[in-house]
Ligand SMILES: Cc1cc2nc3c(=O)[nH]c(=O)nc-3n(C[C@H](O)[C@H](O)[C@H](O)COP(=O)(O)O)c2cc1C
Ligand code: SF4
Ligand code: FES
């Protein structure tokens, strides 16, 4: 059915398109432009602006090409005198009360109204009255400006709010000539995706307040790049002028973002010019050993390599380590692991504080698979806060493609509203739930749901849904699983695959930009790039040479432990901030202080950088080129847009490598793509990745094989005392951190520290909404306000990470299980 | 003249079930239930009944268009009556609510519908209460609800009030309104018969249309087909208003000359003035000049003289009126009632109103008239729904037929300023 | 804060039964009507409350509410006079009578008397064309108006 082709004639050209295509889109396929205002392919037809009128043979009236499905043997004419008169007429109506303020309008130069008028419009207006005057510019939100005079009531923005965001926050008010775009009671329109209305508004009614009056659109240099905030890797355009950041716009790539970006993408790039940026290399001014003074970055890189080499020489390779970042590009991460493995001979390499391993026991699905599935199972994932564009994709699948959603989580999320089945397990019970599910599906062993917070019949319903599925996509957030339950999940995935008639795949949806890439690039203590286990010494020696280390290295948290005990001497931290983001808080800081050498290579003056003996500045996104791999396994190119005199990271890392190498072995990369080419050669799965192959839409890499062992067993973690509650740290999209600092455009989205309690526990602890409390674990106390919601089951609390200052990770003290906290009233 | 709707309309307490039954009410149900639903549809087809809401679409044919085998299906009775000049449905609802219910039950049985809504304009709050009273009586008597009269057929009927919007009389806007939305019309296709209320197959009929159905079922389609003309069969309620001595709703046989309606039924022109113009089918149809007063009142004859039967509202205008005033008043109405969804209607109605107001207040320029004509041309058949075309009708017909009235006002201005 | 009266709550129960459970949005107009009749206008608090009950965003409720003329954002008088000014009534002299009424009440058309007793609105056709000139006061239609008749009607209302 879907493939059925329809052949018709448009302006004497024969067009063949799938059934159900609108005439306007059919015309586009042969280069015939039918002007539109209200039509937008992602929103579907509305037919309200009447700009797209065409003549269709055998039809008495002109027809709107945007609402009309193609029909066999249809004959469409788009340029007859009748059509031209209608187009002029419609444009005249459209412009009737539209101010002619193009010279001061931000949309100028990229305005469909301007363009259509130029091409099809009357040269002049016959309007003899005062144009309707409406409220001139006003804020629709702190970041969007609304000019009601310019609005042509095409309803694109309000339909976007209804159909895409699905929360009808932006609506049409009043009727007839008085209709206008607005919010409830003139409240601010500040959803997580509000900015897209700017891109789709066909006139200058909705504009980006940040960009207002800053530049003319035609003076901008636009770089096609990717967003660097989360694992969705949405495509966007970075507009600059005279090497200054101007604005971000969406750059549709259906396979990745479906044409949208979230507000963090659009307004979360103030960090490019943040005052908190590290601009130059430095050494610890006093206290520590002064290694060298006022170095250049190049200088500092060479000195760093030499210093680490000296420590390796003295204490052995196991005394040095690397903590990388899931935010780095594939090139950066690849080079760093190579430096530490080949250069320093150690596998002390990691990028995360949770348990995970490369590869999946089932297919790695791309995000577009979500729409073609019939069931999506979301596990421990909160896309709205973690991977916003994934949220839109799931909502679309559910509401427009009839996909069923099942949710398995330890906290309530906005996804529950869309779920056909929503199961909330007790915090920390994930492993047990996975085991129970595995048992229930296989029919082997007992499906034991005791102490999970899930009832047996709920589990049964889920199993039935899974069994009835044809194509199942499983979306899970490995970073939100506790202990080693990821291995239990892997067993579960393998078991789902075993259900006859089920085709399934998974999307490992860790929030960080390049979490998948970091795994693929082997930023792991026990795997080389491409999921090659360290224990496979034969293959490793073949690939990486005789001297390549084959002993498993230390995980990130183990490195911190070893630093505390004085066994780890040198650590290079790349774009990570363990002091704030690692469990342990103060303990992490104390451990780092014990190091003989702490090198921090970062974009910002972080809490960790402040402790470093050597600081290397990283340019990061917006400046440096590189590739990243999104949650769907799609590799894309992230181009820089701004220039800086500081060398890109890949160059800094190769400088370090060359400092260790003999003359003849030195590497000489010309661009980031030279590194990409090496990745293609050296990293299994990346063989097809090249500048060319990823140019348009990116390309999916072959996922690494799954090397997970079996034998996972879930364990209870006992409560230390009667009033203790299990802690779940949740993500908040607009957290006030180094990226969204105090001067951020999105500062209005910052939230106070709130601890979510279950009614039952609140009653027991005699707490009410808005009570000021501290959340306590050991000697760490985090101030928060109580919100009594049923965000998690009794016995647990959810504490969203809302700022670096709040320091929630200081509470976490047990990397293998669950953190117990107490709530004390202040 | 044969009356099938109004023969007993002024009977005391006709609105009660008791009197309605005494008058032979609800007899149609037993007859209908003895037949297959499809047979009823065929009867209505054979009767030649056409929709009385405005478009005149054959009712039986409309019922037969319902998407096959898709259930549930819905019936929406259009009791929005808001076409200026029209006041016939109100009289039916007020005085004979059970007739409508009987018609709705028959239609539902014929179309295998189990839920019906009566969409009443919000200003009909009192009628809604009357209707609800009748519905309650019908439930109590087993004419509504489960297993009606032991037939195995179930039907629920509910009232639903609008809240002030002419456009909600348009069937797809009505559906949006009934679904709790803004009364903006919907794209067609899909037509309501395929995807109507709640995206399910839906029959939408006017009050008067449904009220005719019991007659057809009781007396056979031939009896109905025998009334009226060759193509316009049956009778029609005509709301006569304006400059007549006896304004009111009159049931006529289709094909009755307009002259007879105005001069015999409605008593002629008030103060014995001269007839200047009449609008035969509500404000949305073109007005015509007095010389066409002998036109038979039926769908084809009125179409032949460039106008339409519409909702059956005959608005009579005498020679004391400058027609610009009429055009202005109606344009003001359409401007007020345009939903604003589509550009030509939203902008065009306002622009026309601005121009007409200028002319009317003596500030018109001679070229305004041509401009008005061109605006009408740019709106005609280019708007999203027929409201836009309706808005054009009074303006364009008044210019074409009473140009002198425009010129007079514009010339007067010139004369005034010359002094 | 807004709360439905007890009678209104009873009506709501009935109203919700008219529509399929998953289509309870259909109850939006009826609920707004209840508010309008209870409060003589619809305020944002009420919209929020309706949105909560019907699972609609408050913005959506307001969007729908503002489309229909029978909902007002400011309270109307105890007696709301809707005076038809459309074609049939106009032909029979409604303009003069409307002006007369405004003068009698000493308010502008569209206004409300200071004691909140009367509001006077211009109205489009109310389907009483053959009885024009006509007006609707709250739920009652008054047809074939004359100045004397209007005076008498208004005087009889307390
Ligand atoms: C702007 C507009 C207003 C309308 N108003 C009404 C109305 O008030 N009552 C009505 O029955 N039909 C009205 N209609 C016609 C309906 O759309 C629809 O055709 C009718 O209800 C079908 O019923 P019928 O086939 O029984 O006539 C209107 C149509 C338009 C375009
Ligand atoms: S603001 Fe822009 S997008 Fe929204 S309705 Fe107006 S013109 Fe359309
Ligand atoms: S683009 Fe077709 S009506 Fe707007």
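Protein chains in written order, with the working numbering: chain E, 2 to 827; chain B, 567 to 985; chain W, 3 to 160. Yeah, the Cβ is synthetic: ideal placement off N, Cα and C, and Gly gets one too.
1) Mind checking which residues open and close the alpha helix (DSSP H) that includes residue 890 of chain B?
2) Give a yes or no on whether 7 Å exceeds the smallest Cβ distance from residue 64 of chain W to chain E.
3) Please work out which residues of its chain come closer than 8 Å, Cβ to Cβ, to residue 825 of chain B, disregarding the five sequence neighbours upstream and downstream, and give them in chain order.
4) If the cut is a Cβ gap below 8 Å, which residues of chain B does residue 34 of chain W touch?
5) Assuming residue 731 of chain E and residue 754 of chain E form a contact by the criterion Cβ under 8 Å, report the distance between their Cβ atoms to the nearest whole angstrom.
6) Given that residue 761 of chain B touches chain E, what residues does it touch there, using C-beta distances under 8 Å?
7) For residue 657 of chain B, which residues from the same chain have a beta carbon less than 6 Å from its beta carbon, with the 5 sequence-adjacent residues on both sides left out?
8) Look up residue 822 of chain B in the DSSP assignment and say whether it is helix, strand or coil.
9) Can the beta-carbon of residue 972 of chain B be found less than 7 Å from the beta-carbon of residue 890 of chain B?
10) When you measure from the CB of residue 124 of chain W to every non-hydrogen atom of ligand 1, does any distance come out below 6 Å?
11) For residue 148 of chain W, which residues in chain B fall below 8 Å Cβ to Cβ?
12) May I ask you to list, following chain order, the residues of the region 65-83 of chain W that have a beta carbon less than 7 Å from some beta carbon of chain E?
13) Measuring only from the beta carbon, is residue 648 of chain B closer than 6 Å to any heavy atom that is part of ligand 1?
14) For a cutoff of 7 Å on Cβ pairs, would you count residue 899 of chain B as touching chain E?
15) DSSP has residue 365 of chain E in a bridge; who is on the other side?
16) Between residue 532 of chain E and residue 360 of chain E, is the Cβ-Cβ spacing less than 7 Å?
17) Within the same chain, show all residues whose beta-carbon is closer than 6 Å to that of residue 287 of chain E, passing over the 5 residues directly before and after it, in chain order.
18) For residue 439 of chain E, I'd like the list of residues in its chain whose CB is within less than 7 Å of its CB, leaving aside the five on either flank, ordered along the chain.
19) Hey, would you say the C-beta of residue 621 of chain B is under 6 Å away from at least one heavy atom of ligand 1?
20) May I ask which residues mark the beginning and end of the beta strand (DSSP E) holding residue 488 of chain E?
21) Classify residue 567 of chain B: buried if its beta carbon has 16 or more other beta carbons within 10 angstroms, exposed otherwise.
22) Starting from the C-beta of residue 126 of chain E, find all residues in its chain whose C-beta is less than 8 Å away, skip the five residues before and the five after it, and write them out in chain order.
23) Helix, strand or coil, according to DSSP, for residue 261 of chain E in the structure here?
24) Should residue 770 of chain B be listed as close to ligand 1, given that the test is whether its C-beta is under 6 Å from any heavy atom?
25) Let me confirm a value: residue 268 of chain E is counted as buried when at least 16 other C-beta atoms fall within 10 Å, else exposed. Which label applies?
26) Taking 6 Å as the line, does the beta carbon of residue 866 of chain B fall inside it for any heavy atom of ligand 1?
27) Just how far apart, CA to CA, sit residue 481 of chain E and residue 750 of chain E?
28) Do you know offhand how far residue 43 of chain E's Cα is from residue 435 of chain E's?
29) So, residue 557 of chain B versus residue 949 of chain B, is the Cβ gap smaller than 7 Å?
30) Can you list, in chain order, the residues of the region 36-62 of chain E whose Cβ is nearer than 7 Å to any Cβ on chain B?
31) Does residue 172 of chain E come within less than 7 Å of chain W when only Cβ atoms are used?
32) Under 7 Å, do residue 601 of chain E and residue 727 of chain E count as touching if we go by C-beta distance?
33) With distance defined between alpha-carbon atoms, name the residue in E:758, E:803, E:787, E:699 nearest to residue 748 of chain E.
34) Going along chain E in order, which residues have a C-beta closer than 8 Å to the C-beta of residue 913 of chain B?
35) Consider the C-beta atom of residue 544 of chain B and the heavy atoms of ligand 1; say whether any pair is separated by less than 6 Å.
36) For chain W, is any of its Cβ atoms less than 7 Å away from the one on residue 642 of chain B?
This is what the structure gives:
1) 889-903
2) yes
3) 859, 860
4) 729
5) Residue 731 of chain E to residue 754 of chain E, Cβ: 12 Å. No contact.
6) By Cβ distance, chain E contributes nothing, its closest Cβ being about 14 Å from residue 761 of chain B, past 8 Å.
7) 815
8) strand
9) yes
10) no
11) None at all; the shortest Cβ gap to chain B is about 14 Å.
12) 65, 68, 69
13) yes
14) no
15) E:507
16) yes
17) Because residue 287 of chain E carries a pLDDT of 45, less than 50, the predicted location of this residue cannot be relied on, and the following value inherits that uncertainty. No residues qualify anywhere along the chain.
18) 492, 493, 496
19) yes
20) Note, residue 488 of chain E: premise wrong, no beta strand (DSSP E); alpha helix (DSSP H) at 486-499.
21) exposed
22) 93, 96, 97
23) coil
24) yes
25) buried
26) no
27) 23 Å
28) 37 Å
29) With chain B running from 567 to 985 in the structure shown, residue 557 of chain B is simply not present.
30) 46, 48, 49, 50, 51, 54, 62
31) yes
32) no
33) E:803
34) 94, 95, 97, 98, 178
35) An answer regarding residue 544 of chain B cannot be provided, because it is not within the stretch 567 to 985 covered by chain B.
36) no
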